[in-house]
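Sequential numbering of the sequence shown, starting at 8, is according to my numbering.
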Amino acid sequence: MSVQQPHTPSRKVLLIDDDASLRRVTEYSLHSAGFQVLSAVDGKQGLASFQADHPQVVITDIQMPGVSGYEVLQQIKAARPETVVIVITAYSSVEKAVEAMKQGAYDYLAKPFSRDELVMVVEKAFNLLGLQEENQRLRDQLEHHVDFSHMVGSSDAMQKVFDLVRRVAPTEAGVLITGESGTGKELIAKAIHQGGGRSKEPFVAINCAAIPANLLESELFGHVRGAFTDAVRDRVGKFEQADGGTLFLDEVGEMPLELQPKLLRVLQEMEVEPIGGKVRSVDVRIIAATNQDVDLAIEEGRFREDLYYRLAIIPIELPPLRERPDDIPLLIEYFLKRFNAGAPLSVSPAAFEYLKAYSWPGNVRELQNAIERLVVLSHGDMVELEHLPAKFRAAPTAKRSRVVELPLEGYSLEALEREVVVQALERNDWNQTRAADFLQIPRHTLIYRMEKYDIKKS
């Protein structure tokens, strides 16, 4: 049974010398030391071999007819500065070697030199190349390092998210981040941008749900002066602001249906047309996010399927906090340290159990706000159970009861869904925001269900 040896990159040396005898001996010495050797009889032939064969190390005599060693050195350093050049000189002409080193040569060999001297200098040259490559690799890692310092999560679910972010960040692929409100979608978008090749360019965010539908087109694509009544000056849209960098389309699921075809065309052509203006090219990476059930939005005709596939080349789904309870202690500790500038503050075991058992419908954002409030209002060095707001003090061992009991004879899904919505509204005094939080759905989804099933407060 044969064992496959690991592949080692070829260590290629180009030897340029018009002295045939010295060239043969030097070539033999390098071959026997494990180097791949290319040889040339003069500077002109050596430069041609350098361009064709890309050696990492070049050894050249300084004094040669025609193209001299100085010229060889200068042309090699101009073409590929990382190449290591070693010069050969007569013992009586060491000052010429020193001059060559000032021009970029790595080292020199004075004739006559021994095999050991030759091999030692060439080995040092390849060691230097290895260090340079390692330094460049580390610089690249630092430059494109994905920063998760503001995201806490040791659970399997979050580690899978982090791994996917690391893999997608260096690419140009479009990303659609889905997850409930407060799960950290914008933090993930920023981590992808920071870990990619556009990290030094702008990261521009726009919340598609926060801007009135009649203004969103202008915000995205811009307008020129006089394009409409209130257009008193030119406006650069978010796409042009993000040119060269990343545009984060937050809550893209809320984008008006009539604007979606224009967004799709921009993504396909990478050209924007400001209102009243001319088409302009842009170079932008798109990261989008939504808290909606996109499949349902497509099914209900509120979101274009072709736009979804254009945005979601790489989908990333963020788990809600209730599905990663092991991360809650880490998050509590992180936010305590972040918000507490004074004496150390801790949470009592009893209070901690209630915080861990809470369902956190607002996810990490709700937990962050809760801990900040506790820190601001705390007295002493311990958060006790009585310091917690009432909503956190529900019995931690009590499981959520069934909202609807199914009859033995069966039940239609639509009737069941209507009953769940009605009960959630009644339990929360018909407050739509609290009812949506209770059902762990966006408020606009609750309103849609109310309209669909004609649910009104009696």
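Idealized CB from N, CA, C, for every residue including glycine.
Could you tell me how far apart the beta carbons of Lys118 and Ile95 are, in whole angstroms, since I believe they sit closer than 8 Å?
On the sequence shown, position 111 is the one that residue 118 refers to. On the sequence shown, position 88 is the one that residue 95 refers to. Going by Cβ atoms, the distance from Lys118 to Ile95 rounds to 7 Å, so yes, they are a contact pair.
Since Leu552 and Leu343 are thought to touch, with beta carbons under 8 Å apart, how far apart are those beta carbons, to the nearest angstrom?
Nothing in the structure corresponds to residue 552, since the chain is present only between 8 and 465.
Could you tell me the boundaries of the alpha helix (DSSP H) in which Tyr361 lies?
For the purposes of this step, residue 361 is taken as residue 354 along the sequence shown, with counting starting at 1. Residues Pro356 to Ala364.
Less than 7 Å between the C-beta atoms of Val79 and Gly50, yes or no?
By one-based count along the sequence shown, residue 79 stands at place 72. By one-based count along the sequence shown, residue 50 stands at place 43. Result yes, Cβ atoms of Val79 and Gly50 sit closer than 7 Å.
Which stretch, first to last residue, makes up the alpha helix (DSSP H) that contains Ile454?
As a working note, residue 454 is residue 447 in the sequence shown. Arg450 to Lys459 is the span of the alpha helix (DSSP H), which, as asked, contains Ile454.
Which partner residues does Thr90 have in the DSSP bridge list?
What you label residue 90 is simply residue 83 of the sequence shown in a count that begins at 1. Bridge partners of Thr90: none, in fact.
Are Thr190 and Asn370 closer than 7 Å when you measure CB to CB?
Working through the sequence shown from its first residue, we reach residue 190 at position 183. Working through the sequence shown from its first residue, we reach residue 370 at position 363. Yes.
Residue of Phe310, Leu453, Ala104 and Ala180 minimising C-alpha distance to Ala443:
Position 436 of the sequence shown, counted from the start, is the residue given in the question as residue 443. Closest by alpha carbon: Leu453.
For Pro281, list the residues DSSP reports as bridge partners.
To locate residue 281, count along the sequence shown from 1; it is residue 274. Residue pairing by DSSP places Pro281 opposite no residue, since no beta bridge is assigned to it.
What are the boundary residues of the beta strand (DSSP E) that includes Ser46?
As a first step, residue 46 is located in the sequence shown; it is residue number 39 there, counting from the start. In the DSSP assignment, Ser46 falls within the unbroken beta strand (DSSP E) covering Gln43 to Ala47.
DSSP puts Phe255 in a beta bridge; with which residues?
Indexing the sequence shown from 1 puts residue 255 at position 248. Its beta-bridge partners are Ala212 and Ile294.
Beta carbon of Pro326, beta carbon of Gln447: below 7 Å?
Translated into positions along the sequence shown, residue 326 becomes position 319. Translated into positions along the sequence shown, residue 447 becomes position 440. It is not a contact, given that the beta carbons lie outside the stated cut-off.
Contacting residues, own chain, Cβ-Cβ under 6 Å from Ala176 (five flanking each side not counted):
Start at 1 with the first residue of the sequence shown, and residue 176 comes out as number 169. Excluding the 5 residues flanking it on each side, Ala176 has same chain C-beta neighbours closer than 6 Å at Val153, Ile199, Gly202 and Gly203, in chain order.
For His230, the residue or residues it bridges with in DSSP:
Here residue 230 refers to the residue found at position 223 of the sequence shown. For His230, which the question treats as bridged, DSSP gives the partners Arg242 and Ile282.
Does Ala348 come out as helix, strand or coil in the three-state DSSP assignment?
Sequence index remark: in the sequence shown, residue 348 carries index 341 (1-based). Correct three-state label for Ala348: coil.
Residue(s) in a DSSP beta bridge with Arg287:
Reading the sequence shown from its first residue, position 280 is the one you call residue 287. Looking at the DSSP output, Arg287 bridges to Val279.
For Ala114, name the three-state secondary structure that DSSP assigns.
Reading the sequence shown from its first residue, position 107 is the one you call residue 114. Correcting the residue type first, residue 114 is Asp in the shown sequence and not Ala. For Asp114, the secondary structure class from DSSP, reduced to helix, strand or coil, is strand.
Tell me whether the beta-carbon of Leu183 lies closer than 7 Å to the beta-carbon of Ala295.
Taking the first residue of the sequence shown as 1, we reach residue 183 at position 176. Taking the first residue of the sequence shown as 1, we reach residue 295 at position 288. Yes, the Cβ-Cβ distance between Leu183 and Ala295 is below 7 Å.
Nonlocal neighbours in the same chain, by C-beta distance under 8 Å from Ser75, ignoring five residues either side:
Here residue 75 refers to the residue found at position 68 when the sequence shown is read from its first residue. The answer, listed in chain order, is Gly50 and Ile69.
Helix, strand or coil: how does DSSP classify Ile320 here?
For the purposes of this step, residue 320 is taken as the residue at position 313 of the sequence shown. Coil, per DSSP.
Can you say whether Gln58 is buried or exposed, counting buried as having 16 or more other CB atoms within 10 angstroms of its CB?
If you number the sequence shown from 1, residue 58 lands on position 51. Counting Cβ neighbours within 10 Å, Gln58 comes out exposed, since fewer than 16 surround it.
Boundaries of the beta strand (DSSP E) in which Ile184 is found, first to last residue:
Taking the first residue of the sequence shown as position 1, residue 184 is located at position 177. Where Ile184 is concerned, the enclosing beta strand (DSSP E) stretches over Val182 to Thr185.
On a Cα-Cα basis, can you pick out the residue from Gln110, Leu125 and Asn214 that is closest to Leu29?
By one-based count along the sequence shown, residue 29 stands at place 22. Nearest neighbour of Leu29 by Cα position, chosen from Gln110, Leu125 and Asn214, turns out to be Leu125.
According to DSSP, is Val301 helix, strand or coil?
For the purposes of this step, residue 301 is taken as residue 294 along the sequence shown, with counting starting at 1. In the three-state DSSP reduction, Val301 falls in the helix class (H, G or I).
Does Leu384 pass the burial test, meaning 16 or more other C-beta atoms within 10 Å, or should it be called exposed?
Here residue 384 refers to the residue found at position 377 of the sequence shown. Using a 10 angstroms sphere on the CB of Leu384, the tally of other CB atoms stays under 16, which defines it as exposed.
For Ile320 versus Glu312, is the C-beta spacing smaller than 7 Å?
Translated into positions along the sequence shown, residue 320 becomes position 313. Translated into positions along the sequence shown, residue 312 becomes position 305. In this structure, Ile320 keeps its C-beta atom at 7 Å or more from the C-beta atom of Glu312.
With a CB to CB cut of under 8 Å and the five nearest residues on each side skipped, what residues in its chain are close to Lys398?
As a first step, residue 398 is located in the sequence shown; it is residue number 391 there, counting from the start. Sequence-distant Cβ neighbours of Lys398 in its own chain, meaning closer than 8 Å and more than five residues away, are Tyr365.
Start-to-end residues for the beta strand (DSSP E) that takes in Leu22:
Position 15 of the sequence shown, counted from the start, is the residue given in the question as residue 22. Per DSSP, Leu22 belongs to the beta strand (DSSP E) from Lys19 to Ile23.
Is DSSP giving Ala97 helix, strand or coil here?
The residue you call residue 97 lines up with position 90 of the sequence shown. DSSP places Ala97 in strand when its eight states are reduced to three.
Over the uninterrupted alpha helix (DSSP H) stretch that includes Ile66, give me the two end residues.
Stepping through the sequence shown from its first residue, residue 66 is reached at position 59. Unbroken run through Ile66 is the beta strand (DSSP E), Val64 to Asp68; no alpha helix (DSSP H).
His386 versus Pro449: straight-line alpha-carbon distance, rounded
Counted from its first residue, the sequence shown places residue 386 at position 379. Counted from its first residue, the sequence shown places residue 449 at position 442. Rounded to whole angstroms, His386 to Pro449 spans 36 Å at the Cα level.
Taking DSSP as the reference, what is the three-state secondary structure of Val390?
Position 383 of the sequence shown, counted from the first residue, corresponds to residue 390. In the structure shown, Val390 sits in a strand (DSSP, three-state: E or B).
Would you grab the beta carbon distance between Pro209 and Gln248 for me? Rounded to a whole angstrom, and I think it's under 8 Å.
Locating residue 209 in the sequence shown gives position 202, counting from the first residue. Locating residue 248 in the sequence shown gives position 241, counting from the first residue. Indeed, because the Cβ distance is near 6 Å, the residues count as touching under 8 Å.
Where Thr297 falls, given that 16 or more other Cβ within 10 Å makes a residue buried:
Here residue 297 refers to the residue found at position 290 when the sequence shown is read from its first residue. Around the beta carbon of Thr297, 16 or more other beta carbons lie within 10 angstroms, which makes this residue buried.
Looking at His230: is its Cβ nearer than 7 Å to the Cβ of Gly160?
If you number the sequence shown from 1, residue 230 lands on position 223. If you number the sequence shown from 1, residue 160 lands on position 153. No, the Cβ-Cβ distance between His230 and Gly160 is not below 7 Å.
Since Leu171 and Ile323 should fall inside the 8 Å C-beta cutoff, what is the C-beta to C-beta distance between them, to a whole number of angstroms?
For the purposes of this step, residue 171 is taken as residue 164 along the sequence shown, with counting starting at 1. For the purposes of this step, residue 323 is taken as residue 316 along the sequence shown, with counting starting at 1. Right, their Cβ atoms sit about 6 Å apart.
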